[in-house]
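Line by line, the protein sequences are chains A and B. Its first residue numbered 1298, the first sequence is counted upward by one per residue in this note's numbering. Its first residue numbered 259, the second sequence is counted upward by one per residue in this note's numbering. No residue lacks a Cβ here, since even glycine has one placed at the ideal position from N, Cα and C. Just so it is clear, the structure is predicted and the values come from calculations on it, not from any experiment. Structure record follows, encoded as structure tokens.
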Amino acid sequence: MTARIGVVTFPGTLDDKDSLRAVRTAGAEPVSLWHRDKDLKQVDAVVLAGGFSYGDYLRAGAIARFSPVMETIIEQAKAGLPVLGICNGFQILTEAHLLPGGMLQNNHLHFICREQKLRVETSGTAWTADYTAGQEIRIPLKNMDGRYVAEERVLDELEAEGRVAFRYLDVNPNGSLRDIAGITNAAGNVVGLMPHPEHAVEPLVGTGRTDGLGFFTSILKKLVNA
Amino acid sequence: MTLDTVKHAGETPEAEQPWKELGLKEDEYARIREILGRRPTGAELAMYSVMWSEHCSYKSSKVHLKQFGEKVPVNDAMLVGIGENAGVVDVGQGYAVTFKVESHNHPSYIEPYQGAATGVGGIVRDILAMGARPVAVVDPLRFGAADHPDTRRVLPGVVAGIGGYGNCLGLPNIGGEVVFDDCYQGNPLVNAGCIGVMKHEDIHLAKASGPGNKVVLYGARTGGDGIGGVSVLASETFESTGPAKRPAVQVGDPFQEKLLIECTLEIFREQLVAGIQDLGGAGLSCATSELASAGSGGMRVELDTVPLRDSSLSPEEILMSESQERMCAIVEPDKVDRFMEICEKWDVIATVIGEVTDGSQLEIFWHGEQIVDVPPRTVAHEGPVYNRPYARPAWQDALQADDANKLARPANATELREQVLKLVSSPNQASKSWITDQYDRFVQGNTVLAMPEDAGMVRIDEKTNLGVAMATDGNGRYAKLDPYTGAQLALAESYRNVAASGAKPLAISDCLNFGSPEDPDVMWQFAEATRGLADGCLQLGTPVTGGNVSLYNQTGETAIHPTPVVAVLGVIDDVTRRTPVAFAEEGQLLYLLGDTHEELGGSAWSQVIHGHLGGMPPKVDLDREKLLGEILISASRDGMIDAAHDLSDGGLIQAVTESCLRGGKGARLVVPDGLDPFVFLFSESAGRAVVSVPRSEELRFNDMCGARGLPATRVGVVDGDEIEVQGQFSIPLSELRAAHEATLPGLFA
């Protein structure tokens, strides 16, 4: 048996096809979800893909957070539905208050697209179980508003609870506080990060590495073994 | 103000009209009156003025562009040729590819961000209008001197605009060029290319047929932006004292365009359109007249039904508006409802604004009153044609006599080493990653190769690994020395780049950037370059599928270098066989393919070391280019080479430096017998590439080159962490990297 993993398309979502491909490559069944639809089609997990939902107007992720599909996702995420937010998806998760903090424009004020080295800080989430804590991976990074910020108190809390899931290594590409590239909620089912694991699942394309496939095999194993 | 109806025009033949302000010449205005048998209405005058502008009508270039249709090589791949929004070629397995390069030069000088952004938006809609899903973009760019203060204004804006728009569309940016030269000061060239993929049966053409079919305008609302952009911007030379022209530049909304793309593709999938055209230069004037002209009958449009952003716009302004992100479709009546449903799904506004008639006129009404009644062909396809005078410039001989081969050369190995470092760190030869890292090259997950590779390559079928590649090239310095040869060198380099990536070159698109056609010197350059390109394409077997001409790229009396930019499209059956530029495997042997002559005219070395431009450009041998291409493709397919890099500006040392830095490995080079080390390193002879050959393949590779008559010289080995030219000098990779990568951030970050 396999698991059904949904990928949401908002107007302006760009990496939905890549995410569907990553889900398929990992061996799970990809399911397209539409922003106007409250129905999640009985998926076992959801990926919020990168892009510029609603043109990033107002603020990245700010409008998507109020879409019909997000109503259901927010409700079910609180009940344990695994959700991965990549880039714009991470921004939506913070706007939806499923994850703390928020993203500001990169400190150098440019869009940046590069291969980025990360350290996976915890394997204790639904999306990182196939990695070992401390493992270094390289996956693409591409964004305009990628600078993670939160209050000191929140940052301390994230660190203390082991909820900083990924940290930038070598170069902090956008001025994120404490080199934070991604975080998880306390339960470990909701994970958000700025870099793009879905662009690193086959050796032929992108940067030629498959370091991102672990996100999708992690969730598949968890769901199948549940 | 009273509405200038057709009736009113007939009654007031002597009314003064602003034809001059709209960019028309006196005889052109007279011709319009002759065609109509009366004075044009204000709306008609607006339409003719934009459609007869240089940008839309190709009136100065047409007589020369004809050659691309006359000197056509036998090529089975060609499905749709010149004249449509973009040409289409067959790439096998039932797939067709459409591609085109266009200019957005003048707007990008005035307002760099929006000018460049809407350049991307326009070319993407052109590709979409052919029925294809856009899959990648490329951007050939030219700027003034890298250290000029105005370049600091223009370049960051252009780059941010291309990124800001393209990144939002979800299209990987896979290639292009960045060139700096004083001649582009005040006239930057912002060219944009796009590749689209479709199945053969999905090709759509821009024509309106079938009386009763509805004309549907969909996409963004029409606003006051870009009014007169075509005639004012593209057809006049900038004068520094002129009035501000900022409002004539369009403003882009990539989010709207992304919705338009997805919406249009869904409409194509359900086969809901009989004809389609994007709205670009000249807006509705262009779309309605071109659709009607190419179709079988007439068209009637109710202009007051056009959704507006600004309700105060006059009918003339609505016709001329270049508001972005709009398309015009011809839809059979029983398919209109479904068409509207799909638009609603994507939050795209769609409006029936008219219908195809069985008449022969394009008729436009404003609140029931007729304001346009014209034969559409006279607007769209039968504009003026000029046989502009041209003559070889008086200065051409002196320029060619100023031989670069006689310039002072490095006196010893130390100077040679210094000049290498100076070359690889010069703005034109330095790493462009500060620019290209602002573009998303990963999106869609099909990017196999992207800059700084020789060609960009995307996979178009995940099951079979079929892919397409594209490179763009154009060396204005070569073309200035000899436009005929320069155009062929642009073609040859682009062809070579595609072949070096492992793909088979199929066809080309061109963007011809020149100065004022009213200057006989410039017109001679244009005539020579087009002749060279047409002859070259015939010889290489790569037809011209379409492209764009940008004239009036000059400030005052000074024109830019003639800059024909050539985009070659190639196909590769299996993208896993692609050849990267990186030297990544120690111990592999480096072979130089082709002949090296003493050719420094127009070279990067002559520019960087001496600030010199003179002499003759490198000689072109297109049969040799073809042979080199075949060898590169065979070697890639059969696994005989692991890396290849074409040699062009900067010569061998530039190529080896880039390949070493890309792979993180050094190289030991040996100067071949009989060759001067300086010429070996810096000559820019065409028809050459350097390849990395696994030792186990050396014999087979040599045999192949020998059997087919391509000179292949072993020039070194991939080894260590420095580039060593034996008996001359060595430079650590770290030093080369620092020199190569620091320049652009130092100038623009």
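- For Q1413(A), the beta-bridge partners assigned by DSSP are I1436(A).
- From the listed residues N1486(A), T1514(A) and A1484(A), the smallest Cα separation to P1494(A) is found for T1514(A).
- Taking A792(B) as reference, the option from V780(B), G380(B) and T743(B) with the minimal CA-CA separation is T743(B).
- Close partners of I1434(A) in chain B (Cβ separation under 9 Å) are lacking, with about 15 Å as the shortest Cβ gap.
- Remark: three or more beta-carbon pairs, one from each stretch, lie closer than 8 Å, so the region 861-876 of chain B and the region 652-665 of chain B are flagged as touching.
- As summarised for the region 1332-1379 of chain A, the continuous alpha helix (DSSP H) elements at least 4 residues long and confined to that stretch are 1365-1375, given in chain order.
- With a cutoff of 8 Å on beta-carbon distance, S1473(A) and Y1445(A) are scored as near each other.
- Close to K1314(A), with beta-carbon spacing below 8 Å, are these residues of chain B in chain order: Q702 and G703.
- About 6 Å separates the beta carbons of L994(B) and T915(B), which is inside the 8 Å limit, making them a contact pair.
- For W653(B), the three-state secondary structure derived from DSSP is coil.
- The way I'd put it, the region 427-442 of chain B does touch the region 388-406 of chain B; three or more beta-carbon pairs between them come closer than 8 Å.
- Exclusion of the five residues before and after H1332(A) leaves F1307, S1364 and V1366 as the residues of its chain whose Cβ lies within less than 6 Å of its Cβ.
- Within 10 angstroms of the beta-carbon of S992(B) lie fewer than 16 other beta-carbons, which makes it exposed.
- If you compare the alpha carbons of G424(B), L530(B) and L571(B) with that of H462(B), the shortest gap goes to L530(B).
- Boundaries of the beta strand (DSSP E) around Q535(B): G533 to D536.
- Pairing Q687(B) with G967(B) gives a Cβ-Cβ distance that is not under 8 Å.
- Under DSSP, Q628(B) forms a beta bridge with F623(B).
- Within the same chain, Cβ atoms closer than 6 Å to the Cβ of A587(B) are found at V474, V531 and I534, the five residues on either side in sequence being excluded.
- Residue state for I766(B) is assigned as strand, using DSSP reduced to three classes.
- DSSP links L827(B) through a beta bridge to M728(B) and A765(B).
- In the structure shown, the three-state DSSP call for I432(B) is strand.
- In this structure, the alpha-carbon of D698(B) lies about 10 Å from that of P1437(A).
- In this chain, the beta strand (DSSP E) harbouring S361(B) covers Y353 to S361.
- Taking 8 Å as the cut-off, the beta carbon of T803(B) is found closer than this to the beta carbon of G339(B).
- Residues of chain A whose Cβ lies closer than 9 Å to the Cβ of C426(B) are, in chain order, G1309, L1311, G1348, F1349, G1352 and D1353.
- Here DSSP, grouped into helix, strand and coil, assigns G804(B) to strand.
- Interface annotation, V1320(A): not in contact with chain B, CB-CB separation never under 8 Å.
- Per the C-alpha coordinates, the member of T1504(A), K1439(A) and V1498(A) positioned closest to N1469(A) is K1439(A).
- Residue contact with chain B for K1335(A): absent (no Cβ-Cβ distance below 8 Å to any residue of chain B).
- As computed with DSSP, V338(B) is found in a beta bridge with V346(B).
- C-alpha of V632(B) to C-alpha of S551(B): approximately 11 Å in a straight line.
- Per the DSSP secondary-structure output, I1302(A) pairs in a beta bridge with P1327(A) and A1342(A).
- In the DSSP assignment, A587(B) falls within the unbroken beta strand (DSSP E) covering R584 to V589.
- In this structure, A748(B) places its C-beta atom within 8 Å of the C-beta atom of P822(B).
- The residues P741 and Y742, in chain order, have a CB closer than 7 Å to that of E786(B) in the same chain once the five nearest residues on each side in sequence are set aside.
- Taking C-beta atoms as the reference points, G379(B) and P565(B) fail to come closer than 8 Å.
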